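Student: Below is the structure I would like to discuss, written out as C-alpha cells.
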Amino acid sequence: MKELGHFINGKLVSGTSGRFDDVFNPATGEVQYQCPMASAAETTDAIEKAAAAQPAWGATNPQKRARVMMKMVALMNRDMDKLAEALSREHGKTIPDAKGDLQRGLEVVEYCIGAPQMLKGEFTDSAGPGIDMYSMRQPLGVVGSIMPFNFPAMMPLWHVGPALACGNAVVLKPSERDPSVPLMLAELFVEAGLPEGVFQVVNGDKEAVDTILDSEIIQGVSFVGSTPIAQYIYSRATANGKRAQCFGGAKNHMIVMPDADLDQAADALVGAGFGAAGERCMAISVAVPVGEETADKLIEKLIPRIEKLKVGPYTAGDDVDLGPVVTAASKERILGLIQSGVDQGATLVVDNRDFKLQGYEDGFFVGAHLFDHVTPDMDIYKQEIFGPVLSTVRADSYEDALKLAMDHEYGNGTAIFTRDGDTARDFASRVNIGMVGINVPIPVPLAYHTFGGWKKSMFGDLNQHGPDSFKFYTRTKTVTSRWPSGIKEGGEFNFKAMD
Numbered sequence: 180m181k182e183l184g185h186f187i188n189g190k191l192v193s194g195t196s197g198r199f200d201d202v203f204n205p206a207t208g209e210v211q212y213q214c215p216m217a218s219a220a221e222t223t224d225a226i227e228k229a230a231a232a233q234p235a236w237g238a239t240n241p242q243k244r245a246r247v248m249m250k251m252v253a254l255m256n257r258d259m260d261k262l263a264e265a266l267s268r269e270h271g272k273t274i275p276d277a278k279g280d281l282q283r284g285l286e287v288v289e290y291c292i293g294a295p296q297m298l299k300g301e302f303t304d305s306a307g308p309g310i311d312m313y314s315m316r317q318p319l320g321v322v323g324s325i326m327p328f329n330f331p332a333m334m335p336l337w338h339v340g341p342a343l344a345c346g347n348a349v350v351l352k353p354s355e356r357d358p359s360v361p362l363m364l365a366e367l368f369v370e371a372g373l374p375e376g377v378f379q380v381v382n383g384d385k386e387a388v389d390t391i392l393d394s395e396i397i398q399g400v401s402f403v404g405s406t407p408i409a410q411y412i413y414s415r416a417t418a419n420g421k422r423a424q425c426f427g428g429a430k431n432h433m434i435v436m437p438d439a440d441l442d443q444a445a446d447a448l449v450g451a452g453f454g455a456a457g458e459r460c461m462a463i464s465v466a467v468p469v470g471e472e473t474a475d476k477l478i479e480k481l482i483p484r485i486e487k488l489k490v491g492p493y494t495a496g497d498d499v500d501l502g503p504v505v506t507a508a509s510k511e512r513i514l515g516l517i518q519s520g521v522d523q524g525a526t527l528v529v530d531n532r533d534f535k536l537q538g539y540e541d542g543f544f545v546g547a548h549l550f551d552h553v554t555p556d557m558d559i560y561k562q563e564i565f566g567p568v569l570s571t572v573r574a575d576s577y578e579d580a581l582k583l584a585m586d587h588e589y590g591n592g593t594a595i596f597t598r599d600g601d602t603a604r605d606f607a608s609r610v611n612i613g614m615v616g617i618n619v620p621i622p623v624p625l626a627y628h629t630f631g632g633w634k635k636s637m638f639g640d641l642n643q644h645g646p647d648s649f650k651f652y653t654r655t656k657t658v659t660s661r662w663p664s665g666i667k668e669g670g671e672f673n674f675k676a677m678d
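The sequence shown finishes on residue 678 if you use the working numbering, and the numbering steps up by one all the way, no holes.
Okay, structure coming up:
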C-alpha cells in the first residue's frame with residue numbers, strides 16, 4: 180500500500196508517528212493510499228522550521244513575492260489536468276467540478292499578484308513641527324491553516340495564497356481524506372520560487388491541530404469546516420492569544436417569489452443543490468417557494484430535472500452530474516437524515532434511498548433526493564446534511580420566507596429569485612446573512628471581494644480572500660518620526676499636544 184508523506188522544507192518526507200489513516204477512492208470504496216498522521220513532535224518540527232524560514236521571506240520585497248504568485252498561476256494552468264484527476268480520484272467530484280475547484284483557488288492566487296498595492300501603508304507629512312507619521316503592514320510571522328475535504332485545492336489556496344503574499348510562513352493541515360492535491364500544490368509553490376520551509380504541509384488529525392493551536396510560534400489560524408469544530412478552534416486559538424478566522428456550517432435558503440421565472444429557478448436549484456453531491460458550504464439545501472401555487476409549479480418542474488441527473492464516477496465522462504460522497508460514514512449519515520425526514524412527516528417526492536450504481540456497488544454513491552412539506556422543526560431542516568438532498572419549505576408570504584432564512588442559526592449564503600427590483604433590494608438589505616444572491620443561486624464572491632458568513636457560519640471579524648485577507652495576515656505598525664532641524668536646548672518632560 181502506497182504511503183503519502185508530509186511536505187517539509189521543500190520536499191516530501193515520510194511520517195514517523197507510526198499512525199496512518201486510509202485514503203479511499205469514493206467511487207469504488209477501495210483504499211488507495213495511507214496518509215500519515217503527524218505526531219505533536221513532527222508538527223512542532225514543521226512549525227519551527229517554518230519560523231526559521233519566515234524572516235527572510237518576510238523581508239523579501241512584495242513585488243518579488245508577487246512574482247512567485249504569478250509563476251504559480253502559470254504552473255497550475257500547466258498541470259490543471261493532472262491536479263484535477265488527483266482531486267477527483269480522492270474526493271469523488273467530477274472532473275469539470277474538480278477543475279472549477281482549482282480555478283477558484285487559482286483566481287485568489289491571481290489576486291495576490293497585486294500584493295504590492297494591497298500592502299501599501301499610509302503617510303502623513305508634517306503631522307506636527309518636524310514630525311512625519313506613517314504606517315506599515317507587516318506579516319504576522321508563522322500562521323496555521325486547517326482546511327476541509329470538500330475543496331482540497333480551493334480552500335487551501337484561499338488562505339495560503341494571501342498569507343504567503345503578505346510575507347508569512349504557512350503550516351497547512353489539509354483534510355486527511357484527500358491530501359494529495361495540497362501536497363502537489365506545495366511542490367508547485369517551490370517550483371514557482373517559494374523558498375524552502377516557507378510553506379509546510381503536515382497531514383494529521385486532532386493531535387496535529389491542537390499542536391498548531393497551542394504553539395507559541397503560530398500567530399494566526401484559519402479554519403474551514405463544521406460549526407462545532409470552528410467554535411472549538413476559534414476558542415482555543417484566541418485563548419492562546421492568536422488571531423483566528425473560523426468558518427463553519429451552512430443551511431442556505433433560496434426564496435422563489437411568485438413572479439420568478441420558474442424554469443430558471445428550477446435549473447438553479449438543481450445545479451446549486453446537487454452539484455458536487457451537495458458537499459459545498461454554499462449549496463442550496465432549502466427551497467422556499469412563496470405561495471401554494473408557486474410551490475406546486477416549482478415541484479412539478481424540479482421532479483423531472485432531478486430524476487434525470489446522471490450519477491457516476493469521474494471516469495464516466497464530463498456528462499456525469501454528481502459523483503459519490505467522500506466516505507462511507509458520510510453516506511450513512513446522509514441516508515440517516517433522509518430517513519429522519521420521512522419519519523418526521525416530510526414528503527419524499529424523489530426517493531433514491533435504494534440507489535446502487537452497477538459495477539460500483541461498494542462506492543459511496545447517494546442518489547438525489549427531493550423533499551416537500553418540510554417544516555422548521557425537522558432535523559433535515561435544522562442540520563447541514565452535506566449531501567444531495569433538497570428540502571422544500573412552503574411559505575405563505577415574502578415576510579414568512581424572509582423570516583425562515585433570518586431565524587436559522589446559520590448565515591452563510593442565501594438567494595432570492597424574483598423579477599421585482601424592490602423585493603430584491605429589500606431582501607438584500609434586511610437579511611442577516613453574509614452572502615446574498617439575486618437571481619444567482621450560489622453567490623460566491625470573486626477573488627477581489629471577500630467570502631464569509633454571519634451567525635454560526637463564521638467566527639472572527641475578517642473574511643476569506645479579497646482585501647480582508649491582507650488585513651488578517653498582517654499587523655499594522657505606526658511610526659512617528661521627528662528629525663530636529665536645529666540644536667534643541669534641554670529636554671521635554673511633558674506630553675505636548677501637537678499644534
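Virtual Cβ for every residue (Gly too), placed ideally from N, Cα, C. Please read all numbers here as calculations on a predicted model, not as lab measurements.
Return the CA-CA distance between LEU336 and GLY284, expressed in angstroms with no decimal places.
Tutor: Straight-line Cα distance between these residues: approximately 5 Å.
Student: If GLY189 sits next to VAL369, beta carbons under 8 Å apart, how far is it from one beta carbon to the other, in whole angstroms?
Tutor: Right, their Cβ atoms sit about 5 Å apart.
Student: Determine the contact status of CYS460 and VAL388, defining contact as a CB-CB distance below 9 Å.
Tutor: No, Cβ-Cβ distance for CYS460 and VAL388 is not below 9 Å.
Student: Please classify GLN211: does DSSP put it in a helix, a strand, or coil?
Tutor: Residue state, collapsed to three classes: strand.
Student: Excluding sequence positions up to five away, which residues of its chain have a Cβ less than 7 Å from the Cβ of SER314?
Tutor: Same-chain partners within the cutoff: GLY300, GLU301, THR655, LYS656, THR657.
Student: Rounded C-beta distance between ALA429 and ASN591? I'm assuming under 8 Å.
Tutor: So it is a contact: roughly 3 Å between Cβ atoms.
Student: Kindly confirm or deny that the region 543-550 and the region 425-439 touch, where touching means at least three C-beta pairs closer than 8 Å.
Tutor: Verdict: no, contact absent.
Student: Since LEU336 is in the alpha helix (DSSP H), which residue starts that stretch and which ends it?
Tutor: Here the alpha helix (DSSP H) through LEU336 covers 333-344.
Student: Please work out which residues of its chain come closer than 6 Å, Cβ to Cβ, to GLY340, disregarding the five sequence neighbours upstream and downstream, and give them in chain order.
Tutor: Around GLY340: VAL287, VAL288, CYS291.
Student: Compare the Cα-Cα distances from LEU191 to each of ASP558, MET363, ALA474 and report the closest residue.
Tutor: With distances taken between Cα atoms, LEU191 lies closest to MET363.
Student: Kindly indicate the opening and closing residues of the alpha helix (DSSP H) around VAL377.
Tutor: Careful: VAL377 lies outside any alpha helix (DSSP H) and carries neither H nor E.
Student: Taking only three categories from DSSP, how would you classify VAL322?
Tutor: Strand, per DSSP.
Student: Might you give, ordered along the chain, the residues of its own chain that have their beta carbon closer than 7 Å to the beta carbon of ASN642, omitting 5 neighbours on each side?
Tutor: Closer than 7 Å at the Cβ level, and outside the excluded window around ASN642, lie THR629, PHE630, GLY631.
Student: To which residues does DSSP link SER314 through a beta bridge?
Tutor: DSSP, once it has assigned bridges, lists THR657 as partnering SER314.
Student: When DSSP labels each residue in this structure, what does TYR493 get in the three-state scheme?
Tutor: Of the three classes helix, strand and coil, the one that applies to TYR493 here is helix, per DSSP.
Student: What are the boundary residues of the alpha helix (DSSP H) that includes GLN233?
Tutor: Its alpha helix (DSSP H) spans residues 219-238.
Student: In three-state DSSP terms, what is GLY616?
Tutor: Strand at GLY616.
Student: Should GLU269 and PHE199 be called a contact, given that it needs their Cβ atoms to be closer than 9 Å?
Tutor: No; because the gap between Cβ atoms is not below 9 Å, this pair is not in contact.
Student: Please list the terminal residues of the continuous alpha helix (DSSP H) segment that includes HIS270.
Tutor: HIS270 -> alpha helix (DSSP H) spans 259-270.
Student: Give the single residue among PHE330, SER218, LYS243, ALA365 whose Cα lies nearest to the Cα of GLY279.
Tutor: If we check each option's Cα against that of GLY279, PHE330 comes out closest.
Student: If we ignore side chains and look at the alpha-carbon of each, how far apart do GLY639 and MET251 end up?
Tutor: Rounded to the nearest angstrom, the two C-alpha atoms are 29 Å apart.
Student: What does the Cβ neighbour count give for MET180, buried or exposed, with the cut at 16 atoms within 10 Å?
Tutor: Exposed, because fewer than 16 other Cβ atoms sit within 10 Å of the Cβ of MET180.
Student: Measuring straight from C-alpha to C-alpha, what distance separates SER401 and SER664?
Tutor: Each residue's Cα considered, the two are about 47 Å apart.
Student: Terminal residues of the continuous beta strand (DSSP E) containing MET433?
Tutor: MET433 -> beta strand (DSSP E) spans 431-435.
Student: Would ASP541 and GLY208 be called neighbours here (beta carbons separated by less than 9 Å)?
Tutor: It is a contact, given that the beta carbons lie within the stated cut-off.
Student: If you measure between the beta carbons of TYR493 and ILE274, is that distance less than 9 Å?
Tutor: Taking 9 Å as the Cβ cut-off, TYR493 and ILE274 qualify as a contacting pair.
Student: Which residue wins for smallest C-alpha separation from ILE434, given the options SER193, GLY616, TRP662?
Tutor: Ranking the options by Cα distance to ILE434, first place goes to GLY616.
Student: If you draw a straight line from the alpha carbon of THR593 to that of GLY427, how long is it in whole angstroms?
Tutor: Using only the alpha carbons, I get a separation of about 15 Å.
Student: Could you tell me if GLY496 is buried or exposed, where buried requires 16 or more neighbouring beta carbons within 10 angstroms of its beta carbon?
Tutor: Per the 10 Å Cβ criterion, exposed.
Student: Taking GLY454 as the reference, give the member of ALA277, SER354, ARG532, TYR413 with the closest Cα.
Tutor: Checked all of ALA277, SER354, ARG532, TYR413; the closest Cα to GLY454 is ALA277.
Student: Got a sec? Which residues, its chain only, sit under 6 Å from TYR413 by beta carbon, not counting five neighbours each side?
Tutor: ALA423, CYS425, PHE638, listed in sequence order.
Student: Hey, LEU262 and ALA342: beta-carbon distance below 9 Å or not?
Tutor: Going by C-beta atoms, LEU262 is not nearer than 9 Å to ALA342.
Student: On a CA-only basis, which of GLN233, LEU281, ASP224, ALA265 is nearest ASN256? Give me that one, please.
Tutor: Residue LEU281 is the option with its Cα nearest to ASN256.
Student: What are the residues that DSSP puts in a beta bridge with LEU191?
Tutor: DSSP, once it has assigned bridges, lists PHE186 as partnering LEU191.
Student: Hey, how far is the Cα of SER636 from the Cα of MET326?
Tutor: Cα to Cα, SER636 sits roughly 15 Å from MET326.
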